[in-house]
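Asks:
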Amino acid sequence: MSPTGTVLRTVHDVAGLSAVADHFSDVWRTPRTAPPYPAEVLHSLVHAGGAVHAVYRERRLAGAAVAVLGPDRSTYSLVAAAERGLGPALKRAQRDWARTLGARTMRWTFDPLVGRNARFNLVKLGAVGTEYLIDFYGPMADGVNDGDESDRLTVTWDLTGTGTPYDVRPEGAVLRTAPDGGPLARRAGRSLWCRIPADAVALRAADPALALRWRHAVREVFLDAFAEGFRATGMSRDGWYTLARTEEAA
Numbered sequence: 017m018s019p020t021g022t023v024l025r026t027v028h029d030v031a032g033l034s035a036v037a038d039h040f041s042d043v044w045r046t047p048r049t050a051p052p053y054p055a056e057v058l059h060s061l062v063h064a065g066g067a068v069h070a071v072y073r074e075r076r077l078a079g080a081a082v083a084v085l086g087p088d089r090s091t092y093s094l095v096a097a098a099e100r101g102l103g104p105a106l107k108r109a110q111r112d113w114a115r116t117l118g119a120r121t122m123r124w125t126f127d128p129l130v131g132r133n134a135r136f137n138l139v140k141l142g143a144v145g146t147e148y149l150i151d152f153y154g155p156m157a158d159g160v161n162d163g164d165e166s167d168r169l170t171v172t173w174d175l176t177g178t179g180t181p182y183d184v185r186p187e188g189a190v191l192r193t194a195p196d197g198g199p200l201a202r203r204a205g206r207s208l209w210c211r212i213p214a215d216a217v218a219l220r221a222a223d224p225a226l227a228l229r230w231r232h233a234v235r236e237v238f239l240d241a242f243a244e245g246f247r248a249t250g251m252s253r254d255g256w257y258t259l260a261r262t263e264e265a266a
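In structure tokens:
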């Protein structure tokens, strides 16, 4: 169910896809003449069997998401961006579309330093961080990511269940120190916690060098943890990831 006063639909027409491209330009602070996802690309993805979902608030475009088919009953969400409170409706629409095609999972990536996105993906949706990608896109020239390395965390969302979101506070011994002098990582038994900056986007704009030190510090924790069989399962409100070790890695 969409929030009151909103309408959610799939977009197929050129005008609607152009509006979605403009929306993505505004979110990523690029000129509308150079959108991160041009309308013609979106049109090709739809023609190839993908889906563009858009949510409208009082007839105004307020969010959009793009998904494509993947192998072995999987789907991939290329991009999603919506105004506050509308993200869950968009993801449910993507889930419903994918399930009608017989898909069992959906994957996408996000910047692991952006805590609000981590909470949405891991806590609200119950997705699991399954892969850490170093500088995935290479240098990015948009107004949000410019000047940073584009590390991304892949999450996998089980479309057949309700998910198992975790939101556990950190405990255990401090393993590493963060660039601000506070604890970066803690570990207790089969659980590990990693802290990220309170607002990575603002930090990147104010002090790019410090933001990059955070990037490298968090990267090191995640790479070591994933090599041991840990997966990201939660994010606390004060910026701590929970990473749990899978049974297969016992």
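To convert, take the position in the sequence shown, counting from 1, and add 16; that gives the working numbering. For glycine and all other residues, C-beta sits at the position ideal for the given N, C-alpha and C.
(1) Quick one: grab the DSSP three-state call for residue 130.
(2) Measure the alpha-carbon distance for residue 185 versus residue 252 and round it to whole angstroms.
(3) Report all residues from its chain with a CB closer than 8 Å to the CB of residue 164; omit the five preceding and five following residues, and keep chain order.
(4) Reducing DSSP to helix, strand and coil, say where residue 28 ends up.
(5) Could you tell me if residue 41 is buried or exposed, where buried requires 16 or more neighbouring beta carbons within 10 angstroms of its beta carbon?
(6) By how many angstroms is the C-alpha of residue 238 removed from the C-alpha of residue 52?
(7) What distance in whole Å lies between the Cβ atoms of residue 59 and residue 24, which are believed to be in contact at a cut-off of 8 Å?
(8) For residue 124, which residues does DSSP report across the bridge?
(9) Between the alpha carbons of residue 50 and residue 38, how many angstroms are there, rounded?
(10) Between 96, 152, 32, which lies nearest to residue 43 when the distance is taken from Cα to Cα?
(11) Count the other CB atoms within 10 Å of the CB of residue 273; is the residue buried (16 or more) or exposed (fewer)?
(12) Where does residue 109 fall in DSSP's three states?
(13) How is residue 104 classed by DSSP in three states: helix, strand or coil?
(14) Under 8 Å Cβ to Cβ from residue 255, same chain only, skipping five residues before and after it: list those, please.
(15) Residue 19: which of 101, 75, 92, 187 sits nearest, CA to CA?
(16) Out of 204, 233, 108, state which residue places its alpha-carbon closest to the alpha-carbon of residue 83.
(17) What is the rounded straight-line gap between the Cα of residue 150 and the Cα of residue 54?
(18) Does the segment 164-173 touch the segment 121-128, meaning 3 or more C-beta pairs lie closer than 8 Å?
(19) Only counting the same chain, and skipping five residues up and downstream in sequence, which positions put a Cβ closer than 7 Å to that of residue 241?
(20) Buried or exposed for residue 12, please, with buried defined as at least 16 other CB atoms from any protein chain shown within 10 angstroms of its CB.
(21) Straight-line CA distance for residue 234 to residue 202?
(22) Less than 7 Å between CB atoms is the rule here; does residue 90 satisfy it with respect to chain B?
(23) Could you give the distance in angstroms between the alpha-carbon of residue 89 and the alpha-carbon of residue 34?
(24) Once DSSP output is grouped into helix, strand and coil, what is the label at residue 224?
(25) What residue from 206, 195, 204, 236 has the CA that sits closest to residue 216's CA?
(26) Tell me the DSSP secondary structure of residue 136 in three-state form.
Replies: Working from what's here:
(1) coil
(2) 7 Å
(3) 156, 220, 224, 227, 228, 231
(4) Coil.
(5) buried
(6) Looking at the backbone, the Cα of residue 52 and that of residue 238 are separated by about 28 Å.
(7) Residue 24 to residue 59, Cβ: 20 Å. No contact.
(8) 171
(9) 9 Å
(10) Its Cα nearest to that of residue 43, the residue 96 stands out among 96, 152, 32.
(11) Examination of residue 273 is not possible in this model, given that the chain is present from 17 through 266 alone.
(12) helix
(13) helix
(14) 131, 211, 212, 213, 214
(15) 101
(16) 108
(17) 25 Å
(18) yes
(19) 208, 259
(20) With the chain covering 17 to 266 only, the question about residue 12 has no answer from this structure.
(21) 12 Å
(22) The structure shown contains no chain B; it holds only a single protein chain.
(23) Straight-line Cα distance between these residues: approximately 29 Å.
(24) helix
(25) Between residue 216 and the set 206, 195, 204, 236, the nearest pair of CA atoms involves 195.
(26) helix
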